[in-house]
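Residue numbers (numbering that gives the first Met the number 0): 0 to 242. A virtual CB, placed ideally from N, CA and C, is assigned to each residue, including glycine. The next block holds one structure in the form of structure tokens; read it before the comments.
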Amino acid sequence: MEEVNELFEDLRPQYPTTTTSIKIGGNDYHIELSEIPYLAAFANFERTKAQNQQKELVHGPIAHFDTALEGMEFGFRQCFRSIPPDLAQHHALCETYEFLCIDVLGGKSLNEIIGGLKTGRRVHKGASKSSNSIKRDRSKARDSAFQLLYFILRGEFEDEMKDSTDVYNAVMFIVSHADTFQWRTRKVVRAAYEDRFVVSVKQIAGLNKWEEDEDEDDEDDVMSEEEESISSGYYSDYDPFYN
């Protein structure tokens, strides 16, 4: 029986039949083009130019393309793990998403993104342990952190003064919740905020309060995304969103 299963496994196509082979920057990919509008348009153009003749699709290098694919497939939180917490590299990654016409924000407003951050929050200390009707979702919270980063770097703010305060509170929430947001996330989100907005001395002091000497090999970075142990990790009392 095991040999039969192995035979069927060998007969299966290596990639889904809906994917398209394309070489990008010298590397071969098999991609569902409908998920990447720019590449879909590129493929259509190349095929039209070739007058429907069978032609290999070849595109030049695209910065952080592998990381962009990982974010699309496994959640944008993976981007924080895939590249160093260097603001310039995250700028380039966000530019790649924009170039590929990927809707990173999913149509969400700034307030909706901020709301997503709170899904990773622990139940408040005063709440009963049995109050698990609101399940903690750290994966969604971490995806929202990348969406906040993208909004800071590429988004347009309607009210610079008000939005700056809202973003500051969101950044404070991230940097003060190390049990949910890993050190790479906290570092680059803060850097993006300080690069985008004029930051007061008081705000800097507030952010510095939560700054710790951190090991770049922090074990939290290799923990399961769905690790929900309440007994482990760092707990923060600070919550600018808690009422």
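Distance, residue j Cα to residue i Cα
i, j, result
"Ile112", "Pro84", "21 Å"
"Phe79", "Phe180", "10 Å"
"Asn131", "Lys107", "Residue placement at Asn131 cannot be trusted, given a pLDDT of 47 that sits under 50; what the coordinates show is reported in the next sentence. The alpha-carbon atoms of Asn131 and Lys107 are separated by roughly 26 Å."
"Arg183", "Gly70", "15 Å"
"Ala42", "Thr17", "14 Å"
"Asp214", "Arg189", "Reliability fails at Asp214, whose pLDDT of 46 lies under 50, so the model's placement of it is uncertain and no value is given."
"Ala126", "Asp142", "Note that Ala126 has pLDDT 49, beneath the 50 cutoff, so the model's placement of it is unreliable and no number is given."
"Cys100", "Ser33", "11 Å"
"Tyr37", "Ala91", "17 Å"
"Asp194", "Asp136", "29 Å"
"Ile21", "Gly74", "23 Å"
"Asp178", "Glu55", "47 Å"
"Thr118", "Gln77", "17 Å"
"Phe145", "Phe44", "32 Å"
"Thr19", "Tyr28", "8 Å"
"Val57", "Asn26", "9 Å"
"Val198", "Ala40", "41 Å"
"Ile30", "Glu72", "11 Å"
"Ala169", "Asp65", "28 Å"
"Ile35", "Phe98", "10 Å"
Beta strand (DSSP E) segment containing residue i, residue limits
i, result
"Leu56", "56–58"
For residue i: DSSP bridge partner residues
i, result
"Asp27", "Lys22"
First and last residue of the uninterrupted alpha helix (DSSP H) at residue i
i, result
"Ala87", "86–98"
"Ser143", "137–153"
"Gln77", "77–81"
"Val200", "200–207"
"Ile101", "Looking at the DSSP string, Ile101 is not in any alpha helix (DSSP H), and its letter there is neither H nor E."
"Phe172", "159–174"
"Thr184", "182–195"
"Phe44", "36–48"
"Thr66", "64–73"
"Leu109", "109–116"
Nearest-angstrom beta carbon gap, residue j and residue i [assumed within contact, 8 Å]
i, j, result
"Thr95", "Ala67", "5 Å"
"Leu109", "Phe172", "In fact, because the Cβ distance is near 13 Å, the residues do not count as touching under 8 Å."
"Ser163", "Trp209", "Contact flag wrong, Cβ pair sits at about 19 Å."
"Leu147", "His89", "Not quite, the Cβ-Cβ distance comes to about 12 Å (not below 8 Å), so this is no contact."
"Gly24", "Ile61", "6 Å"
"Arg185", "Cys93", "Incorrect: roughly 18 Å between the Cβ atoms, too far for contact."
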